[in-house]
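Counting from 1261, one number per residue, gives the positions in the sequence shown under the working numbering. Structure first, then comments.
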Amino acid sequence: MSFEAICNSREVLVGNPFEVTFQLKNAKVKKIEPPSFNGLQAQGPNIGQSFSYINGRSSTNESYSYYVVANKPGTYKIGSAKVITHKGKTLKSKPLIVKIVDRPSTDDNSSLAGRVFLRTELSSTNVVVGEQVTVDIRIYTQVGIEQTEMVKEPAFENMYSHYLRSFANRPEILVVEGSRYHTQIIRRIVVFPSKPGVVVIEPAIIKIGIASNPGGGMFNPFSLESYTIKSLPVELNVSELGGAVSGFSGAVGNYQMQIHVSKNKITSDDVVELTMRIRGQGDIKQVLTPNIGVDKKYFDQFKPNINEDIREGGGLLGGVKEFQYVLTPKATGTFTVHPKFTYFNSKEKKFITIDTIITIDIAPGKNKLPTKAERAAAGDAPLVVEAIEPEDLIEFKAPLKNAQFTKGKQGFFLGSFLFWVVTILPFLGLIAFLQWKKKQVDLNNISDWERKRNNAGSEASLRLKVAKMALDQGASKLFFNEISKALLGFVSDKYNIPTVELTKDNVRQKLAAQNLAAEKIDSLVSILQTSEMALFAGLSNNESMGKVYQESTDLIQLLS
């Protein structure tokens, strides 16, 4: 025995009727109390009964149906209905929630109302900062459409957006509120929200051409009538990642890590080339330089060479990012390197760390290096091991027995220039060593952010050098990519803004807090906008690129 409420649609257009049915199984109704429809207009009930006998078992079904209409958009709650069975048992149904939405506008032409409409559909309406969201602009129609033209793309504030070139856009037949529609996706965009909150995606507007009645002549038997339709705005709820872990790379999505080492066994004369490859679905641009777990006591680690390859696949955006490191040994022995990559898995809603351990054996070569134990015992002090060969020694011969001294030419070591050099030099060396030691302690006490802030200008200068090379070669895409990285990286390091949170709005806010002139802030935002447009639209004018380069150089020098 059961009593339940059933609705044939949970999302309905204003003015469209829908059906709500209360169904009692395997019992007879003695009395039924209808629910509260709370602002909805209901007609009924229509009573139905059925009986079935299958495999020796009988069942009964009594239903009470209402046709319901809403005149205003909104979310409506249909209350619980109560039934008393013929045996005196009281049962209640669960409440129903129904969403009533406005009819999409169709150029004020009532003949197309309900027959053609446009929707902006999201793959998910509740995401975290940096998570990939698919936005489909889909048309639904019951009439033949000959042409479509995009009039206005939806705007994406506080989000990085990318229009997909290839996706499954084959026509389909879908049933909406009991009616069949031919549908097709006309645009697919992936977006990555950069800040938490409720984001409203504004409507898209398209123009469609529908074949009108015959009368266009022998060579044009049908003419097209033009109509403009638009979608409704949709909301996207964006949450903070929350509880960020140490070493978070800034990546949100689904990723894999691969490690390749040029050699596991080398001599002190060689270097180790280590490549970390990050592959997955998400905004690969946001992946920060990961920690490869190198002990700087035993290796010198240079800034990695970074390569990006953005790819589309399966209707999503992803790619590969490579970090190529060169490690120079500072000691001999057996060492371990512990690369780690931490990202936020948007499907499992948790941080995941991928790691591995690599062993490197370093044997003595021509370049004399201390052993691992000697290096560890020396701590941060400089340690030089130099082999002195016998042939490097200078042999002094002093035949004193033949020497003749006179009072006029006799010299005394005490008080001589050499005496003072020998006396003072150790003290100067000690002072220099203490100053070096203090500098090392100060460097160790500096936080990662302070170190990044101090190096922000030099890091940006390296990017600008690459941009200048691209400018000279006419490589516009590489040029604007490096300009964007130089500016965003500089602001991130200088003002402690995580790259995943970088937007034009908070860049403007942070720089305004530094009392920077408004025109300089506008210049920065303008350069970022120009670079972003150029990356997608293409811009190869050398004069314009030269102007952007000079403005970027001047701005970074001013802010350094």
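Glycine included, each C-beta is placed from N, C-alpha and C at the ideal position. It should be emphasised that the depicted structure is a prediction, and the values quoted were computed from it without experimental measurement.
{"Asked": "Give me the residue from Ser1325, Phe1583, Gly1573 and Leu1534 with the minimum Cα distance to Thr1596.", "Found": "Leu1534"}
{"Asked": "Identify, in the order they occur along the chain, each residue of the same chain with its Cβ nearer than 8 angstroms to the Cβ of Thr1592, setting aside the five sequence neighbours on each side.", "Found": "Ser1528, Ile1622, Ala1623, Pro1624, Leu1629, Pro1630, Thr1631 and Lys1632"}
{"Asked": "So does the stretch 1579-1588 actually touch the stretch 1552-1560, counting three or more Cβ pairs closer than 8 angstroms?", "Found": "yes"}
{"Asked": "In or out: Tyr1423 buried (at least 16 other Cβ within 10 Å) or exposed?", "Found": "exposed"}
{"Asked": "Beta-carbon separation of Ile1338 and Phe1278 under 8 angstroms?", "Found": "no"}
{"Asked": "Would you mind working out which of Val1388, Lys1467, Ser1426 and Gly1578 sits nearest Glu1406, comparing C-alpha positions?", "Found": "Lys1467"}
{"Asked": "Taking the alpha carbon of Asn1321 as the reference point, which residue from Lys1770, Tyr1327 and Ser1312 has its own alpha carbon closest?", "Found": "Ser1312"}
{"Asked": "Quick one: what does DSSP say Phe1282 is sitting in, helix, strand or coil?", "Found": "strand"}
{"Asked": "Given that a residue counts as buried once 16 or more other Cβ atoms are within 10 Å of its Cβ, and exposed if not, what is Leu1722?", "Found": "exposed"}
{"Asked": "In terms of alpha-carbon separation, which member of Val1785, Arg1635 and Ile1816 lies closest to Leu1724?", "Found": "Ile1816"}
{"Asked": "Tell me which same chain residues have a C-beta within less than 8 angstroms of the C-beta of Pro1431, skipping the five on either side of it?", "Found": "His1442, Thr1443 and Gln1444"}
{"Asked": "Any chance you could list the beta strand (DSSP E) runs of at least 3 consecutive residues sitting entirely within the stretch 1596-1622, in chain order?", "Found": "1600-1605 and 1610-1615"}
{"Asked": "What is the residue span of the beta strand (DSSP E) that Gln1561 lies within?", "Found": "Phe1559 to Gln1561"}
{"Asked": "Ordered along the chain, which non-local residues of its own chain (more than five positions away) have a Cβ less than 7 angstroms from that of Gly1540?", "Found": "Gly1513, Asn1514, Tyr1515, Gln1516 and Gly1578"}
{"Asked": "Measure the C-alpha to C-alpha separation of Pro1550 and Asn1524 and round it to an integer number of angstroms.", "Found": "21 angstroms"}
{"Asked": "Since I believe Ser1804 is in contact with Ala1746 (beta carbons under 8 angstroms), could you give me their beta-carbon distance rounded to a whole number of angstroms?", "Found": "About 17 angstroms; that fails the 8 angstroms criterion."}
{"Asked": "For Gln1546, does the count of other Cβ atoms within 10 angstroms reach 16, so buried, or fall short, so exposed?", "Found": "buried"}
{"Asked": "Can you give me the start and stop residues for the beta strand (DSSP E) that Glu1271 sits inside?", "Found": "Glu1271 to Leu1273"}
{"Asked": "Hey, quick one: how far does the beta strand (DSSP E) through Thr1588 stretch, first residue to last?", "Found": "Leu1576 to Pro1589"}
{"Asked": "I'd like the list of long-range same chain contacts for Ser1509, defined as Cβ closer than 7 angstroms, with 5 residues on each side in sequence excluded.", "Found": "Val1547, Leu1548, Pro1550, Phe1601, Thr1602 and Tyr1603"}
{"Asked": "Just grab the DSSP bridge partners of His1442 for me.", "Found": "Thr1401 and Ile1433"}
{"Asked": "What span of residues does the beta strand (DSSP E) with Ala1511 cover, start to end?", "Found": "Phe1508 to Val1521"}
{"Asked": "Rank Ile1489, Arg1635, Asn1627 and Phe1740 by C-alpha distance to the C-alpha of Ile1526 and give the top, closest one.", "Found": "Asn1627"}
{"Asked": "In the DSSP assignment, find the alpha helix (DSSP H) that holds Glu1803 and state where it starts and stops.", "Found": "Asn1802 to Leu1819"}
{"Asked": "Based on Cα-Cα distance, which residue from Asn1429, Glu1500, Gln1518 and Val1494 lies nearest to Ile1618?", "Found": "Gln1518"}
{"Asked": "Quick one: what does DSSP say Asn1715 is sitting in, helix, strand or coil?", "Found": "helix"}
{"Asked": "Give every residue of the same chain whose Cβ lies closer than 7 angstroms to the Cβ of Glu1572, excluding the five residues on either side of it in the sequence, and list them in chain order.", "Found": "Leu1424, Arg1425 and Ser1426"}
{"Asked": "Contact check, Leu1819 vs Lys1754 under 8 angstroms by CB: the rounded distance?", "Found": "7 angstroms"}
{"Asked": "For Thr1385, is the classification buried or exposed, using 16 other Cβ atoms within 10 angstroms of its Cβ as the cut-off for buried?", "Found": "exposed"}
{"Asked": "Determine the burial state of Thr1366: buried for a count of at least 16 other Cβ atoms within 10 Å of its Cβ, exposed for fewer.", "Found": "Low local confidence applies: a pLDDT of 49 at Thr1366 is under 50, so the model's placement there is unreliable, and no value is given."}
{"Asked": "Assuming contact is defined by CB atoms lying nearer than 8 angstroms, are Leu1501 and Val1388 in contact in what I supplied?", "Found": "yes"}
{"Asked": "Could you tell me the alpha carbon to alpha carbon distance between Ile1544 and Ser1262, rounded to whole angstroms?", "Found": "52 angstroms"}
{"Asked": "State the DSSP-derived secondary structure class of Thr1790, mapped to helix, strand or coil.", "Found": "helix"}
{"Asked": "Run the CB neighbour count on Asp1368, radius 10 Å, all protein chains shown included, and call it buried at 16 or more, exposed below.", "Found": "With a pLDDT of 48 at Asp1368, under the threshold of 50, the modelled position of this residue cannot be trusted; read the value that follows with caution. With fewer than 16 Cβ atoms within 10 Å of its Cβ, Asp1368 is classed as exposed."}
{"Asked": "CB-CB under 8 angstroms to Arg1448, same chain, minus the five flanking residues each way: which ones, in chain order?", "Found": "Thr1394, Val1395, Asp1396, Ile1397, Tyr1423, Leu1424, Phe1427, Asn1429 and Gly1575"}
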